[in-house]
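Data first, discussion second: the structure below is written as structure tokens.
Chains as they are written, first to last, in the working numbering: chain A, 40 to 273; chain B, 60 to 358.
Written out as structure tokens, the structure reads:
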């Protein structure tokens, strides 16, 4: 579904990503784990078209994304839940969801999806007229995911959904991610919380200072000595 | 006759003038909200709008219908000009340091003013703006002219319209989303370029309306006519809290009233000094303005 080959990204003189190649197949949960500053967010930003890439190829559903502007990528069915949630804090919960549905023209379908979202996230229904900035961190993460779901993505990129949340909430969020995946959305998950990410993923890639250093089945990687030492605390 | 009468009369004048400042201040605040640029050419858009109205009224005479036509033509022309300026001058500088865009804005301003001077149809000399014959409606001792009423009513209508667009339409919501977090807006599939153009168009259309109303109240048009109202509206936007739409409206009325009260009670020569004194005072006391939020710079 998503194919990234030989991706190189620079920030000025800094070579942020070195020849990164990875793949996400339809229906999978794939995770990209790595330490702070390894290039995880940079990878997602280049897939979403937010930063220019130096060389390499990104293909989604057989089409190159290199010349496609960020907003058109969303229309193709590839949407991202950004790091730090980035909800529109000055808009209400409902308006945030409407922005998620910005690209859609089917009013009826959008209406149904609001119902679907409110069934999945009852807390958002209670607060739909509230200004989003007043939500708690967990609720904001749910809103960020709900907002992205409103575009009906085929592939959903999630950047650090566990960031800054209490362990119980992290569990809840990860359960929701699995549910989203079960209802037919492919997932590419970027996480520092490698334990949780590897537990729900099918496959994983390990990113270290801009290079992919290992990859494979999530369960096998979770068991491997090197990954345990580096990311799972022994 | 006495203090109270004079005060009320100046309040009426101030509210009328203030509604023009408010219309103009809205453009500053919306553009700042969305691209963090003080568009110093905004006052010159007022001038272009006034001339747009001038040509319509000069050609077809002054009737209520032609006045509305003048407003529509001026607003449409300026909305287009606003989009063209944004696309050609500001968009290429979007990732450049902010000071570059600011200097460009000053350049655009000088270009429009002097461009207008050399264009035959406008020219350097002041022209009489065709306007309604003044009819006064005395309420007690206070005189309200029908032009003041027109200015006030048209401004209020436009402000309601803008508030509706910003708060209740999809485009308005997208404008607020883009101004809050442009990158996140991209990730929603929002066509950010188009939203920015739309914002410039809205602001410029309001400036055009302000220009025609201004020229109706002070019936003279010339290429530099936008500078002083532009600066005062900028002060109004800062006073209300730059980036805040209700703030720009409040700031506009305060500026208008402060100006007329100064003219009435202190000295007409000091009116401008007081206006810019207000700017200095806000920057010292509350830089975020009356309704502005104290937001720290994002890195």
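All C-beta atoms in this analysis are idealised placements derived from N, C-alpha and C, irrespective of residue type, glycine included.
Please determine, among the options, the residue with the shortest C-alpha to C-alpha distance to residue i.
i, options, result
"residue 179 of chain A", "A:123, A:270 and A:50", "A:123"
"residue 191 of chain B", "B:205, B:182 and B:144", "B:205"
"residue 261 of chain A", "A:248, A:249 and A:239", "A:239"
"residue 189 of chain B", "B:113, B:217 and B:161", "B:113"
"residue 334 of chain B", "B:351, B:294 and B:174", "B:294"
"residue 196 of chain A", "A:229, A:205 and A:269", "A:229"
"residue 202 of chain A", "A:140, A:90, A:255 and A:120", "A:120"
"residue 109 of chain B", "B:230, B:240, B:277 and B:320", "B:277"
"residue 177 of chain B", "B:305, B:97 and B:283", "B:283"
"residue 183 of chain A", "A:205, A:114 and A:216", "A:216"
"residue 249 of chain B", "A:132, A:219 and A:186", "A:186"
"residue 23 of chain A", "A:131, A:248, A:65 and A:176", "Not covered by the structure: residue 23 of chain A. The range shown for chain A is 40 to 273."
"residue 238 of chain B", "B:89, B:81, B:296 and B:105", "B:89"
"residue 191 of chain A", "A:153, A:127, A:212 and A:231", "A:153"
"residue 259 of chain B", "B:154, B:179, B:92 and B:159", "B:92"
"residue 313 of chain B", "B:292, B:301, B:326 and B:332", "B:292"
In whole angstroms, what separates the C-alpha of residue i from that of residue j?
i, j, result
"residue 322 of chain B", "residue 329 of chain B", "7 Å"
"residue 47 of chain A", "residue 298 of chain B", "47 Å"
"residue 171 of chain B", "residue 138 of chain A", "37 Å"
"residue 272 of chain B", "residue 184 of chain B", "20 Å"
"residue 84 of chain A", "residue 214 of chain A", "25 Å"
"residue 346 of chain B", "residue 54 of chain A", "40 Å"
"residue 341 of chain B", "residue 157 of chain A", "45 Å"
"residue 132 of chain B", "residue 115 of chain B", "8 Å"
"residue 213 of chain B", "residue 86 of chain B", "16 Å"
"residue 75 of chain B", "residue 324 of chain B", "18 Å"
"residue 357 of chain B", "residue 225 of chain B", "Because the pLDDT at residue 357 of chain B is just 43, under 50, the model does not fix this residue reliably, and the value given afterwards should be weighed accordingly. Going by the C-alpha atoms only, they are around 24 Å apart."
"residue 121 of chain B", "residue 148 of chain A", "51 Å"
"residue 252 of chain B", "residue 76 of chain A", "30 Å"
"residue 15 of chain A", "residue 64 of chain A", "The question about residue 15 of chain A has no answer here: the residues shown for chain A are numbered 40 through 273."
"residue 80 of chain A", "residue 200 of chain A", "12 Å"
"residue 209 of chain B", "residue 143 of chain B", "30 Å"
"residue 223 of chain A", "residue 66 of chain A", "6 Å"
"residue 263 of chain A", "residue 246 of chain A", "15 Å"
"residue 117 of chain A", "residue 96 of chain A", "16 Å"
"residue 343 of chain B", "residue 303 of chain B", "19 Å"
"residue 139 of chain B", "residue 69 of chain B", "36 Å"
"residue 167 of chain A", "residue 212 of chain A", "19 Å"
"residue 336 of chain B", "residue 235 of chain A", "59 Å"
"residue 130 of chain B", "residue 267 of chain B", "8 Å"
"residue 63 of chain B", "residue 338 of chain B", "28 Å"
Using the three-state DSSP reduction, which class does residue i fall into: helix, strand or coil?
i, result
"residue 328 of chain B", "helix"
"residue 98 of chain A", "strand"
"residue 247 of chain A", "strand"
"residue 274 of chain A", "The question about residue 274 of chain A has no answer here: the residues shown for chain A are numbered 40 through 273."
"residue 42 of chain A", "strand"
"residue 358 of chain B", "With a pLDDT of only 40 at residue 358 of chain B, under 50, the local geometry of the prediction cannot be trusted, and no value is derived from it."
"residue 58 of chain A", "strand"
"residue 145 of chain A", "coil"
"residue 253 of chain A", "strand"
"residue 242 of chain A", "strand"
"residue 90 of chain B", "helix"
"residue 334 of chain B", "helix"
"residue 350 of chain B", "coil"
"residue 344 of chain B", "helix"
"residue 23 of chain B", "Examination of residue 23 of chain B is not possible in this model, given that chain B is present from 60 through 358 alone."
Taking 7 Å as the threshold (beta carbon to beta carbon), is residue i in contact with chain B?
i, result
"residue 149 of chain A", "no"
"residue 213 of chain A", "no"
"residue 52 of chain A", "no"
"residue 244 of chain A", "no"
"residue 113 of chain A", "yes"
"residue 166 of chain A", "no"
"residue 200 of chain A", "no"
"residue 192 of chain A", "no"
"residue 121 of chain A", "yes"
"residue 110 of chain A", "yes"
"residue 130 of chain A", "yes"
"residue 99 of chain A", "no"
"residue 156 of chain A", "no"
Using a Cβ-Cβ cut-off of 7 Å, state whether residue i counts as contacting chain A.
i, result
"residue 247 of chain B", "yes"
"residue 257 of chain B", "no"
"residue 232 of chain B", "yes"
"residue 239 of chain B", "yes"
"residue 250 of chain B", "yes"
"residue 236 of chain B", "yes"
"residue 243 of chain B", "yes"
Which runs of the beta strand (DSSP E) fall wholly inside the region 231 to 315 of chain B and span at least 3 residues, in chain order?
List check, beta strand (DSSP E) in window: nothing returned.
Taking only runs that begin and end inside the region 164 to 205 of chain B, name each unbroken beta strand (DSSP E) of 3 or more residues, in chain order.
List check, beta strand (DSSP E) in window: 195 to 198 and 201 to 204.
With a floor of 3 residues, list each beta strand (DSSP E) that falls wholly inside the region 161 to 226 of chain A, ordered by position along the chain.
Unbroken beta strand (DSSP E) runs of no fewer than 3 residues, entirely contained in the region 161 to 226 of chain A, are found at 194 to 198, following chain order.
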